[in-house]
Amino acid sequence: MALESRYDASGVEQTWYLRWEEAGLFHPEGQGKPTYTITIPPPNITGSLHMGHALCYSIQDLLGRYKRMTGHSVLILPGSDHAGIATQSVVDKLLRKEGASAAQVGRERFLERAWEWRHESGNTIINQFRRLGHAFDWSRLRFTLDEDYVQAVLKVFIEWFDRGIIYRGKRVVNWDPVLKTSVSDIETERKTINGKLYYVRYPFADGSGDVVIATTRPETMLADVAVAVHPSDERYKGLVGKTLLLPLVGREIPLISDVYPDPEFGSGAVKITPAHDPNDYQVGMRHGLPMPVLLDESAKITAEGGAYAGLDRLEARKRVVADLEEQGFLVEIRDHEIPIIVGERSGEVIEPLLSEQWFASQAELAALAMQAVSDGKIKFVPDRYERIFNEWLENLHDWCISRQLWWGHRVPVYYCEDGTPVAALSWADAEQKSGQTIVRQDDDVLDTWFSSGLWPFATLGWPNPEAEDLGNFYPTDVLVTSREIIFLWVARMAMMGLDFVGEVPFRDVYIYATVLTEDGKRMSKSLGTGVDPMDIIEKVGADALRYTLLSQTGYNQDIRYSERRTEDARNFCNKIWNASRFVLMNLTDTIVGANIDLQPEDRWLLSRLHATERVVREAYDSYNIQEAAAALYRFFWSEMCDWYIEVAKRRLQDEETQATPQWVLLKSLEAFLTMMHPIMPHITEEIYSHLPIKDKASFLMSAPWPELPLSFEDADSEARVERWFAIARSLRAQRASADIEPGRTIAEAFFEGDLDGGDALIASQSWVTELKQGAPEGACISTTLEGVDLHIPLGASVDQAKLLDKLQREEAKLLAEQAGLSARLNNPQFVERAKPEIVERERAALEDVTDRLAKVRERLVTLQAG
RNA sequence: GGGCGGUUAGCUCAGUUGGUAGAGCACUACAAUGACACUGUAGGGGUCACAGGUUCAAGUCCUGUACCGCCCACCA
Numbered sequence: 116m117a118l119e120s121r122y123d124a125s126g127v128e129q130t131w132y133l134r135w136e137e138a139g140l141f142h143p144e145g146q147g148k149p150t151y152t153i154t155i156p157p158p159n160i161t162g163s164l165h166m167g168h169a170l171c172y173s174i175q176d177l178l179g180r181y182k183r184m185t186g187h188s189v190l191i192l193p194g195s196d197h198a199g200i201a202t203q204s205v206v207d208k209l210l211r212k213e214g215a216s217a218a219q220v221g222r223e224r225f226l227e228r229a230w231e232w233r234h235e236s237g238n239t240i241i242n243q244f245r246r247l248g249h250a251f252d253w254s255r256l257r258f259t260l261d262e263d264y265v266q267a268v269l270k271v272f273i274e275w276f277d278r279g280i281i282y283r284g285k286r287v288v289n290w291d292p293v294l295k296t297s298v299s300d301i302e303t304e305r306k307t308i309n310g311k312l313y314y315v316r317y318p319f320a321d322g323s324g325d326v327v328i329a330t331t332r333p334e335t336m337l338a339d340v341a342v343a344v345h346p347s348d349e350r351y352k353g354l355v356g357k358t359l360l361l362p363l364v365g366r367e368i369p370l371i372s373d374v375y376p377d378p379e380f381g382s383g384a385v386k387i388t389p390a391h392d393p394n395d396y397q398v399g400m401r402h403g404l405p406m407p408v409l410l411d412e413s414a415k416i417t418a419e420g421g422a423y424a425g426l427d428r429l430e431a432r433k434r435v436v437a438d439l440e441e442q443g444f445l446v447e448i449r450d451h452e453i454p455i456i457v458g459e460r461s462g463e464v465i466e467p468l469l470s471e472q473w474f475a476s477q478a479e480l481a482a483l484a485m486q487a488v489s490d491g492k493i494k495f496v497p498d499r500y501e502r503i504f505n506e507w508l509e510n511l512h513d514w515c516i517s518r519q520l521w522w523g524h525r526v527p528v529y530y531c532e533d534g535t536p537v538a539a540l541s542w543a544d545a546e547q548k549s550g551q552t553i554v555r556q557d558d559d560v561l562d563t564w565f566s567s568g569l570w571p572f573a574t575l576g577w578p579n580p581e582a583e584d585l586g587n588f589y590p591t592d593v594l595v596t597s598r599e600i601i602f603l604w605v606a607r608m609a610m611m612g613l614d615f616v617g618e619v620p621f622r623d624v625y626i627y628a629t630v631l632t633e634d635g636k637r638m639s640k641s642l643g644t645g646v647d648p649m650d651i652i653e654k655v656g657a658d659a660l661r662y663t664l665l666s667q668t669g670y671n672q673d674i675r676y677s678e679r680r681t682e683d684a685r686n687f688c689n690k691i692w693n694a695s696r697f698v699l700m701n702l703t704d705t706i707v708g709a710n711i712d713l714q715p716e717d718r719w720l721l722s723r724l725h726a727t728e729r730v731v732r733e734a735y736d737s738y739n740i741q742e743a744a745a746a747l748y749r750f751f752w753s754e755m756c757d758w759y760i761e762v763a764k765r766r767l768q769d770e771e772t773q774a775t776p777q778w779v780l781l782k783s784l785e786a787f788l789t790m791m792h793p794i795m796p797h798i799t800e801e802i803y804s805h806l807p808i809k810d811k812a813s814f815l816m817s818a819p820w821p822e823l824p825l826s827f828e829d830a831d832s833e834a835r836v837e838r839w840f841a842i843a844r845s846l847r848a849q850r851a852s853a854d855i856e857p858g859r860t861i862a863e864a865f866f867e868g869d870l871d872g873g874d875a876l877i878a879s880q881s882w883v884t885e886l887k888q889g890a891p892e893g894a895c896i897s898t899t900l901e902g903v904d905l906h907i908p909l910g911a912s913v914d915q916a917k918l919l920d921k922l923q924r925e926e927a928k929l930l931a932e933q934a935g936l937s938a939r940l941n942n943p944q945f946v947e948r949a950k951p952e953i954v955e956r957e958r959a960a961l962e963d964v965t966d967r968l969a970k971v972r973e974r975l976v977t978l979q980a981g
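Counting from 1 along the first sequence, just add 115 to a position and that's the residue number in the working numbering.
Below, the structure is given as structure tokens:
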């Protein structure tokens with residue numbers, strides 16, 4: 116029972132985690148209870164814990180712990196994602212460090228190496244979750260390349276392939292020349308850089324003048340196949356159809372008419388390079404133009420570039436510009452802000468490149484997802500994200516699902532001798548399906564989001580018809596995720612879940628705030644602005660870190676992380692610790708409910724507890740966690756510690772009266788610990804284990820949510836006791852202004868008016884031995900509030916000037932208040948139109964102010980006379 | 001270019017259906033009192049970004065502007 120006076124988090128936290136786990140508390144319970152399910156967003160195996168993770172998964176742990184207490188069978192299913200591109204680059208680097216390369220070792224050896232790495236270092240984050248106290252069901256840990264998971268991916272691919280949703284297409288895709296793979300639109304970022312706009316003259320083949328085009332990527336001219344102008348553009352009337360001579364290359368290309376060029380921009384004429392620009396590609400398709408590919412997988416010029424072949428694109432740009440200038444084709448170069456596309460993973464400038472890829476058509480699936488949202492089957496919190504989600508789905512392009520990588524789910528398409536593609540479970544299956552000999556399997560792998568899109572149901576056993584988890588736990592209750600992957604992931608899960616399971620994958624989508632640095636910058640390892648959660652846990656404990664983050668989480672878009680706040684959180688832990696120590700050392704063995712005699716202050720605290728429970732429960736239910744944290748903080752520190760404990764000390768020392776405050780304290784502490792547990796699981800569990808409660812749960816974690824009888828709610832006691840507190844506080848303030856040290860007991864103070872039975876309480880809380888009715892003889896300091904005049908007799912040594920100053924300030928304040936109130940009440944429109952209870956309240960306030968003003972003036976006169 | 005969020009005390013943020021602004025930290029003064037100095041008591045500190053409008057009354061509702069941040073978008 117003896118607790119240290121300082122709370123030491125690290126030992127306590129790790130001990131309890133092991134005990135919970137040993138007791139099997141992380142698994143869902145048996146039948147008979149409603150389920151509550153979360154399949155956590157699987158972190159990348161390449162990642163290590165950052166503040167965003169710490170917040171995201173702590174929210175989920177909080178929800179799970181809360182729901183467990185409110186009678187649910189809770190499953191929080193953890194796992195991780197194979198993260199195609201990220202892992203591929205890690206292994207690439209690894210090989211290079213070892214003096215090899217991916218190309219050298221080949222696909223098979225590369226994958227072996229990748230799996231080795233995955234087993235050695237792919238569980239970093241998962242282990243860090245344990246240190247944060249996350250109660251996830253480790254027995255159900257999943258990985259997106261697990262054998263069962265592979266089966267789910269195969270089934271989805273094959274079915275979509277057979278239904279014609281997945282198709283092979285030649286399109287201009289985003290090509291990452293460093294990773295040497297295509298990436299989807301949402302894996303790229305748009306930036307604007309200061310670049311140049313080059314104006315180049317393309318002469319007519321017949322020597323009859325020229326057309327000037329503008330371009331930001333002059334090297335792509337080597338693959339130009341036309342120049343386009345808008346049909347309405349008067350400048351080119353009569354010229355359309357003529358042939359131009361492509362500078363440097365000498366190829367003849369046509370001047371065509373198309374709606375794409377904007378006559379307002381540049382010269383109104385656009386060079387057309389179908390293989391390297393999505394718009395140009397459209398033009399090329401409309402006009403049946405050839406589509407030569409100028410860049411290879413490393414963005415070097417292909418043979419198509421003639422003399423420039425083999426050069427890197429930027430080197431080629433310099434050479435092309437120089438040659439154009441030398442040969443007199445360059446008209447001018449202007450500074451121009453040019454938009455570029457950068458790969459999210461590689462940071463490299465993305466090249467639009469024409470290539471053959473696998474696509475999933477989206478229109479039909481997007482409609483399913485939109486319907487689910489408009490039917491209210493999926494709810495976004497905060498709800499503003501619902502519109503963003505829908506608008507995105509409305510203008511959705513088909514999804515490029517193939518990646519030119521090795522690490523991932525290999526596209527299960529097999530090619531027959533005659534070239535026919537078949538989607539199948541295996542080589543053998545493909546031969547059986549097609550009845551032909553298979554000559555090869557497609558080399559590409561699937562976009563990682565293709566497999567993570569199946570997460571909520573593939574992890575529960577789909578498509579195995581005997582999987583019990585799927586029936587028991589799907590749909591999941593909530594998806595907690597960050598804003599940046601709403602499209603990348605949330606939308607895909609919605610579409611895939613609806614299409615394959617026929618039900619939404621989750622009912623709520625809670626989008627949590629982005630954790631920024633103290634000055635509002637993005638936390639980033641490469642910028643050195645990141646804060647490692649593990650360091651913070653080391654310093655202040657996991658509970659304090661959780662409180663720091665969770666107490667700032669609600670419907671906000673971002674939160675600023677400040678180390679100072681973690682100190683506050685640590686201090687709060689310490690306060691909880693010490694107040695609990697106090698309660699424990701004041702309990703006696705005979706703590707039974709037999710002779711409970713509730714006093715007004717007891718009713719006050721129980722009523723506050725009741726109100727706090729309601730606020731906390733509603734806040735947890737609505738993902739407004741910061742409100743729950745604030746209510747708990749206020750209840751504990753301000754109400755229980757600062758007032759109730761101080762007031763109760765008197766009765767606790769007397770054997771005759773101690774039973775009631777003991778009971779109230781124990782009851783309140785227990786309820787507080789329970790409600791606080793989802794936010795700070797360890798410290799609350801530790802203290803709970805010391806509470807001498809009969810028949811208590813074996814763990815706080817598995818204890819029920821507090822049920823507080825309606826009789827605890829007592830508005831009258833609240834008002835009555837809070838009036839006493841206000842009076843006590845006022846007496847303390849008077850003491851302070853008379854330079855009487857806090858806590859030093861003074862013999863007497865006086866009051867005139869009705870204390871409503873609060874005399875003793877007020878006296879003790881203002882450190883007065885005796886509170887007497889009446890007015891004292893001689894000098895005193897006085898004030899009036901709540902209809903009571905209060906007087907503290909003063910010795911000779913009091914600073915008169917200071918008292919005078921205080922009275923004068925009070926007078927000024929009251930005067931201003933009086934002026935405001937009478938101005939309002941003298942306004943006939945206010946009296947006429949405002950709600951009667953408001954008018955009445957203002958009248959009463961004016962009366963009170965006038966009264967107090969008179970008294971202050973009286974005291975001023977007395978003071979000045981004395 | 002379109003959309004979303006934010007702007008309230010020195011700092012980080014709350015603020016219910018409109019009724020005249022709160023918390024924590026920081027700051028100032030005081031305090032070794034038997035839970036806690038990671039503490040306690042008291043105090044100072046705000047034209048609620050700006051400009052209009054609605055209203056008896058606006059931090060709160062409407063319109064516009066500025067700045068900060070985020071998302072989306074095919075202008076060479």
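Glycine is no exception: its CB is placed at the ideal position from the N, C-alpha and C atoms.
Roughly how many angstroms separate the alpha carbons of T185 and V903, rounded to a whole number?
46 angstroms
How about A959 and E901: do their beta carbons lie closer than 8 angstroms?
no
Could you check which residue in A763, M400 and E785 has the C-alpha nearest to that of S879?
A763
From E770 to S753, what does the alpha carbon distance come to, in whole angstroms?
27 angstroms
Taking the runs of the beta strand (DSSP E) that are 3 residues or longer, which of them lie wholly in the segment 407-476?
445-458 and 466-475
Buried/exposed call for L178, threshold 16 Cβ in 10 Å
buried
If you drop the 5 nearest sequence neighbours on each side, which residues of the same chain put their C-beta closer than 8 angstroms to that of T331?
Only G310, K311, L312, Y313, H451 and I453 meet the Cβ criterion.
Apart from the five residues on each side of it in sequence, which residues of its chain come closer than 8 angstroms, Cβ to Cβ, to I631?
Going by the sequence as given, residue 631 is Leu instead of Ile. Contacts found: R637, M638, D673, I674, R675 and Y676.
Terminal residues of the alpha helix (DSSP H) in which V595 lies
First-last for V595: T591 to S597, but that is the beta strand (DSSP E), not the alpha helix (DSSP H).
Segment limits, beta strand (DSSP E) that includes L900:
C895 to L900
On the three-pair Cβ rule with 8 angstroms, is the segment 432-445 touching the segment 483-490?
no
Note down the Cα distance separating A894 from N710, rounded to an integer number of angstroms.
In this model, A894 and N710 are separated by some 46 angstroms (Cα to Cα).
Measure the alpha-carbon distance for L133 versus G145 and round it to whole angstroms.
22 angstroms
Would you list, in sequence order, the uninterrupted beta strand (DSSP E) runs of no fewer than 3 residues that lie entirely inside the segment 604-666?
621-627 and 629-631
Where Q556 falls: helix, strand or coil (DSSP):
strand
Look up G310 in the DSSP assignment and say whether it is helix, strand or coil.
strand
Exposed or buried, D580, counting other C-beta atoms within 10 Å across all chains shown (16 or more means buried)?
In the sequence under discussion, the amino acid at residue 580 is Pro, which differs from the Asp named in the question. Exposed, since its Cβ has fewer than 16 Cβ neighbours within 10 Å.
Would DSSP call N693 helix, strand or coil?
In this structure, DSSP gives N693 a helical state, which the three-state scheme calls helix.
To which residues of the same chain is K970 closer than 8 angstroms at the C-beta, ignoring the five residues directly before and after it?
S897, T899 and D904.
Less than 8 angstroms between the C-beta atoms of A329 and T388, yes or no?
no
Using 8 angstroms as the cut-off, can you tell me whether the segment 514-530 makes contact with the segment 542-562, which would need three or more C-beta pairs spanning the two stretches below that distance?
yes
In its own chain, which residues sit with a C-beta less than 7 angstroms from the C-beta of R305, not counting the 5 before and 5 after it?
P454 and I456
By the DSSP assignment, the beta strand (DSSP E) with Y529 in it spans what residues?
V528 to C531
By alpha-carbon positions, which one of P467, K357, S881 and V327 ends up nearest to A843?
S881
Backbone CA spacing between P407 and V436 [nearest angstrom]
In a straight line, the C-alpha of P407 is about 21 angstroms away from that of V436.
Which residues bound the alpha helix (DSSP H) around F751?
That residue, F751, is in no alpha helix (DSSP H); it is neither H nor E in DSSP.
For G669, the three-state DSSP class (helix, strand or coil)
coil
Determine which residues share a DSSP beta bridge with E1047 and list them.
Past the edges of the chain, shown from 116 to 981, lies residue 1047, and the structure says nothing about it.
What's the gap between the Cα of Q551 and the Cα of S541?
14 angstroms
Helix, strand or coil for N505? Go by DSSP, reduced to three states.
helix
I need the straight-line Cα distance from Q773 to E136, nearest angstrom please.
39 angstroms
Where A329 sits in the DSSP three-state scheme
Three-state result, A329: strand.
Would you call the CB atoms of V655 and A124 closer than 8 angstroms?
yes
What residue range is occupied by the uninterrupted beta strand (DSSP E) comprising V342?
A341 to V344
With 16 other Cβ atoms within 10 Å as the buried cut-off, status of K640
exposed
Stretch pair the segment 163-172 + the segment 726-741: three plus CB contacts closer than 8 angstroms:
no
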